[in-house]
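A.B. asks:
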Ligand SMILES: [Zn+2]
């Protein structure tokens, strides 16, 4: 009976291109109540869900390793871009996109609270923060409010950035902001998740066929996935 169930299950699986993510939290370990990373499980679930919508075009599956904990409390609040760069150098996992989660970034207005480095390459790394899901959200920088977003100030309610990590993984997958291509990154679809964002304004909960087709990274490897999703936009 057991064999039968497994056989039935595998009938739903198809060849999929898999992108592995390595979360890195700041703290002593999984039992540290003050460790960073509280947003990660929500953000990675939303990211996997958005990228799963590629299924009818091209099957892409996002999977996550168990977190690595870095016991260096100074990194909980990043004070400068240079400190963020230092943090990124702390962990290298050859077969995964590292996602570093800090408490907050005190300088990162123009990053929208997160950023991807070495986009589109096997060295791609993302830095983000637990403040992504705080309500009320932090106010954006003066003058920083993408055209796709509703007016941000006075920013009392705070949209939560559920699809922020999906967006940064889009950069890791070599996608530019729409329309692109730009800066060596491939074209993406206006109105899709690849629209820039920031606090008070989530990246759109919209996947596109073009984003799915243009995604690339040497870390993608062939595995199995459930490829049932359909992009919201063709194309
Ligand atoms: Zn971006």
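Numbering (this note's numbering), first residue to last: 332 to 566.
We put the CB at the ideal spot given by N, CA and C, even for glycine.
#1: How big is the Cα-Cα spacing for residue 497 and residue 376?
#2: DSSP has residue 506 in a bridge; who is on the other side?
#3: Of all residues in the structure, which have a C-beta closer than 6 Å to any heavy atom of ligand 1, taken in chain order?
#4: List the endpoints of the continuous alpha helix (DSSP H) containing residue 381.
#5: Between 565, 354, 527 and 532, which lies nearest to residue 455 when the distance is taken from Cα to Cα?
#6: Start and end of the alpha helix (DSSP H) containing residue 543?
#7: Could you check whether the segment 357-371 touches the segment 515-529, counting it as contact only if at least three pairs of C-beta atoms, one from each stretch, sit closer than 8 Å?
#8: Quick one: what's got a C-beta closer than 8 Å to residue 533's C-beta in the same chain, skipping five residues either side?
#9: Measure the Cβ-Cβ separation of residue 517 and residue 388 and say whether it is below 8 Å.
#10: Would you kindly report the start and end of the unbroken beta strand (DSSP E) that includes residue 429?
#11: Need the endpoints of the beta strand (DSSP E) that residue 366 sits in, please.
#12: Would residue 503 and residue 450 qualify as a contact pair, given that the criterion is a beta-carbon distance under 8 Å?
#13: Who are the Cβ neighbours of residue 410 in its own chain at under 6 Å, not counting the five residues just before and after it?
#14: To which residues of the same chain is residue 424 closer than 6 Å at the C-beta, ignoring the five residues directly before and after it?
#15: Since residue 468 is in the alpha helix (DSSP H), which residue starts that stretch and which ends it?
#16: Would you say residue 357 and residue 403 are within 8 Å of each other, going by their C-beta atoms?
#17: Using the C-alpha atoms, what's the distance from residue 564 back to residue 538?
#18: In angstroms with no decimal places, state the Cα-to-Cα distance between residue 545 and residue 466.
#19: Could you tell me which of 505, 531 and 528 sits nearest to residue 519, measuring between CA atoms?
#20: Going by beta carbon distance, what residues of the same chain come within less than 7 Å of residue 385, once the five residues before and after it are set aside?
C.D. replies: On the basis of the supplied data:
#1: Numbered from its first residue, the chain shown carries residue 497 at position 166. Numbered from its first residue, the chain shown carries residue 376 at position 45. Between residue 497 and residue 376, the C-alpha separation is close to 9 Å.
#2: Residue numbering aside, residue 506 sits at position 175 when the chain shown is read from its first letter. Paired residues: 517.
#3: 498, 502, 508 and 527
#4: Along the chain shown, one-based indexing puts residue 381 at 50. That run of the alpha helix (DSSP H) goes 371-383.
#5: On the chain shown, residue 455 is found 124 positions in, with the first residue counted as 1. Minimum Cα distance to residue 455 is reached at 354.
#6: Against the chain shown, residue 543 aligns to sequence position 212. Run containing residue 543: 540-545, per the alpha helix (DSSP H) assignment.
#7: The segment 357-371 is not in contact with the segment 515-529.
#8: Along the chain shown, one-based indexing puts residue 533 at 202. Contacts found: 490, 491, 492, 493, 494 and 495.
#9: Looking up residue 517 in the chain shown gives position 186. Looking up residue 388 in the chain shown gives position 57. Result no, Cβ atoms of residue 517 and residue 388 do not sit closer than 8 Å.
#10: For the purposes of this step, residue 429 is identified with residue 98 of the chain shown, where counting begins at 1. Segment 428-433, the beta strand (DSSP E) holding residue 429.
#11: One-based indexing of the chain shown puts residue 366 at position 35. Neither: residue 366 is in no beta strand (DSSP E) and is coded neither H nor E.
#12: Looking up residue 503 in the chain shown gives position 172. Looking up residue 450 in the chain shown gives position 119. Their beta carbons are under 8 Å apart, which means residue 503 touches residue 450 by this criterion.
#13: Indexing the chain shown from 1 puts residue 410 at position 79. The answer, listed in chain order, is 437.
#14: Counting from one through the chain shown, the residue named residue 424 turns up at place 93. If we look at residue 424 and ignore the five residues flanking it on each side, its Cβ neighbours are 353.
#15: For the purposes of this step, residue 468 is identified with residue 137 of the chain shown, where counting begins at 1. Neither: residue 468 is in no alpha helix (DSSP H) and is coded neither H nor E.
#16: Position 26 of the chain shown, counted from the first residue, corresponds to residue 357. Position 72 of the chain shown, counted from the first residue, corresponds to residue 403. Result yes, Cβ atoms of residue 357 and residue 403 sit closer than 8 Å.
#17: In the chain shown, residue 538 corresponds to position 207, counting from 1. In the chain shown, residue 564 corresponds to position 233, counting from 1. If I take the Cα positions, the gap works out to 6 Å.
#18: Working through the chain shown from its first residue, we reach residue 545 at position 214. Working through the chain shown from its first residue, we reach residue 466 at position 135. In a straight line, the C-alpha of residue 545 is about 34 Å away from that of residue 466.
#19: Taking the first residue of the chain shown as position 1, residue 519 is located at position 188. Ranked by how close their Cα comes to the Cα of residue 519, the residues 505, 531 and 528 have 505 in first place.
#20: Start at 1 with the first residue of the chain shown, and residue 385 comes out as number 54. The residues are 391, 538, 543, 560 and 562.
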